[in-house]
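K.L.:
With our numbering applied, the sequence shown corresponds to residues 1254 to 1782, in that order.
Built from N, CA and C at the ideal position, the CB exists for glycine as well.
Small disclaimer: the values here were computed from a predicted structure and weren't measured.
Structure below; questions to follow.
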Amino acid sequence: MTVSVRHSARLEKKLSAATRILEFHTLFPARELQRHFTLFLGPTNSGKTYQALRILADARTGSYLAPLRLLALEVADTLNSWGVPCHMVTGEERIEVDGALHSARTIEMMSTHLRQEVVVIDEAQMLGDADRGWAWTQAILGARAERVCIIGAPEARPAIEKLLRLTEEPYEVVNLERLSPLQPLAAPVMKFRALEPGTALVAFSRAAVLGLKESVEQQTGARAAVLYGALPPEVRRQQAELFASGQAPYLVATDAIGMGLNLPIRTLLFAEDQKFIDRRKHPLTPMEVRQIAGRAGRYGKNEVGFVGTFRIADDHIMSALHTAPHAIHRAHLAPTFDHLMALANLQRQDRKPSLARMMLLFAHAVKPDPTVYEVAALEDQIFLAQITDRYPALAMEIRFALANAPVPLRALSAVLAFERMVRTVAHHHPLGLDEVVPLFSEEFPPSLDLLETAMRVVDLYCWLHYRFPEQFPELEPAQERRRSINREISRLLRQSAKAPVAAHPSSPPLRRPPVRRSFRSRQRRHNPA
């Protein structure tokens, strides 16, 4: 699908007059309020989250917005332990608490219409992320609360302040320093047997993590827990508890370690200082190094955190630790449904409405202030929108919801399952879980790859249940299947690298055609492996 240069130019002239589209912040109901902002800015382990949560706990109503389900669950548990009833709400799961007027949510689940006393937005530096940053931009502009607390790294301040100048809302900045010192090691650690309990090794692929796990366990005789992005949240939590309790004295993780989960890491060692982005290796940025290294040493647990490298030269890591990260000056922007409808109204009426076309036009023709905004990477949403456009009877709002579904696009089996689910919504027929997530047999045990993909499809089914309960009615079986898959993944991880991890032959990685040549995938520096 392409947009002609002539048509794009003609539309741009129309858009220049349609200031409601260009002035993104004017679309939110929050404009009816005079909000007050408090920015808690500081490095990892500076106490900024605690200060913001105390404000949230003292409020009559409020929400905490997290980048990850595990962080939302952790904060919900914290507030409940403080005697503040709190729901946990993600796209795929709800944990409801009687009488709760507070909620901990993944940030994409923020309601721009629900009025509250306090909203807390965590990890605000993510607004500079090309893939998910739009959700932080929408939260900052659209949180409908009298008081909004923003938690983030200091480098996010310029972009946040530009947004608040647009809305002309008052704010105060609380700058915080790290509570426990971070001390670089004098030299790289070269031997597995030199690793001390409480050490975390960091690599940037699942294969590297599982290989290191096996070597650590063979060389030390002790168990190593693992954390990487593709692990289901419950398995991640179990692995984190193994490390926190001392049952696994060592931890091997990807950069998924850099966000969430309070872990008693005494020493953090980088086993790699480069990561693959778009099939090419790129050195870690100072922001990435600091975010990951900051997990070492937790106030009240390990008063000093040590950081170094394992079996690689430490020049790059040490240089990055002493280099100030680049400031974030622009927030990423993605269209709301209101934006797309405004675009549709500017189109020729003789054309069939196409969600993918509207999203392409937003990406190419809408020119928001380039000193404030950058259009997000919309390739994945456009790809899913193209699937929904095959069913023109579907309302545009339903198509928009489906295009934002959590589909793992690298797994062909998951994309095929999504296509069947869209067809189910279009035809108003119920779909059973077994029709999209087959049961595994003992005769042909599933690989780790297949289990992880199956879990993502189960999560997708649950996500759709909360939006289309009549078409996806089997929530309880899906929750039980989730528990079963979690148990099987945990069992395979206990077997270390002996577990089969090769991709299942029926699920080759998806090679989807580019939406447009100029739409080649951008570097995704904040997407944990």
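Are there three or more Cβ pairs, one per stretch, closer than 8 Å when the stretch 1290-1304 is compared with the stretch 1422-1439?
P.N.:
Contact between the stretch 1290-1304 and the stretch 1422-1439 is present, because at least three Cβ pairs lie under 8 Å.
K.L.:
At the level of alpha carbons, what is the spacing between T1562 and P1517?
P.N.:
The alpha-carbon atoms of T1562 and P1517 are separated by roughly 18 Å.
K.L.:
Quick check: does the Cβ of T1302 come within less than 7 Å of any heavy atom belonging to the ligand GTP?
P.N.:
The ligand GTP is not part of the structure shown, which contains no ligands of any sort.
K.L.:
Among all the DSSP beta bridges, which residues are the ones paired with P1437?
P.N.:
Looking at the DSSP assignment, P1437 forms a beta bridge with V1560.
K.L.:
Give every residue of the same chain whose Cβ lies closer than 7 Å to the Cβ of Q1501, excluding the five residues on either side of it in the sequence, and list them in chain order.
P.N.:
Note on residue identity: the sequence assigns Ala, not Gln, to residue 1501. Closer than 7 Å at Cβ, skipping near neighbours: R1476, A1477, A1478, L1495.
K.L.:
Does DSSP classify M1611 as helix, strand or coil?
P.N.:
Here M1611 sits in helix by DSSP.
K.L.:
For I1510 versus L1465, is the C-beta spacing smaller than 8 Å?
P.N.:
Going by C-beta atoms, I1510 is not nearer than 8 Å to L1465.
K.L.:
For P1338, which residues of its own chain have a beta-carbon under 6 Å away from its beta-carbon, when the five flanking residues on both sides are left out?
P.N.:
Taken in chain order, the residues that qualify are V1350, G1352, A1353.
K.L.:
Sort L1669, V1678, L1665 by Cα distance to L1655 and report the nearest one.
P.N.:
When only C-alpha atoms are compared, the closest one is V1678.
K.L.:
Do the CB positions of F1457 and E1525 come within less than 8 Å of each other?
P.N.:
Yes.
K.L.:
If contact is defined by three or more beta carbon pairs under 8 Å, each pair taking one atom from either stretch, is the stretch 1571-1584 in contact with the stretch 1410-1417?
P.N.:
They touch, by the three-pair rule.
K.L.:
Which two residues bound the contiguous alpha helix (DSSP H) that contains H1585?
P.N.:
First-last for H1585: 1584-1586, but that is the beta strand (DSSP E), not the alpha helix (DSSP H).
K.L.:
Report back the beta-carbon spacing between V1542 and Q1436 to the nearest angstrom; my notes put them in contact at under 8 Å.
P.N.:
Not quite, the Cβ-Cβ distance comes to about 15 Å (not below 8 Å), so this is no contact.
K.L.:
Please report how far the alpha carbon of F1590 lies from the alpha carbon of L1332, in whole angstroms.
P.N.:
Approximately 33 Å, taken between the alpha carbons.
K.L.:
Of all the options M1594, S1364, F1693, I1404, which has the alpha carbon lying nearest to the alpha carbon of E1425?
P.N.:
It is I1404.
K.L.:
Alpha carbon to alpha carbon, how far is L1326 from A1357?
P.N.:
C-alpha separation (whole angstroms): 7 Å.
K.L.:
How is the beta strand (DSSP E) around V1479 delimited, first residue to last?
P.N.:
Start and end: 1477-1480.
K.L.:
In the DSSP assignment, what are the bridge partners of Y1714?
P.N.:
Answer is none; Y1714 lacks a bridge partner.
K.L.:
Applying the 10 Å Cβ sphere with the 16-neighbour rule, what's the burial state of Y1303?
P.N.:
Result: exposed.
K.L.:
Alpha carbon to alpha carbon, how far is D1633 from L1662? Give it in angstroms, no decimals.
P.N.:
The alpha-carbon atoms of L1662 and D1633 are separated by roughly 8 Å.
K.L.:
Please classify K1301 as buried or exposed, where buried requires at least 16 other C-beta atoms within 10 Å of its C-beta.
P.N.:
It counts as buried.
K.L.:
Nearest-angstrom Cα distance between M1612 and A1587?
P.N.:
Taking the straight line from one Cα to the other gives about 9 Å.
K.L.:
Thinking just about the alpha-carbon of each residue, which of P1578, P1621, G1550, L1537 is nearest to the one in D1568?
P.N.:
Of the candidates P1578, P1621, G1550, L1537, the one whose C-alpha sits nearest the C-alpha of D1568 is L1537.
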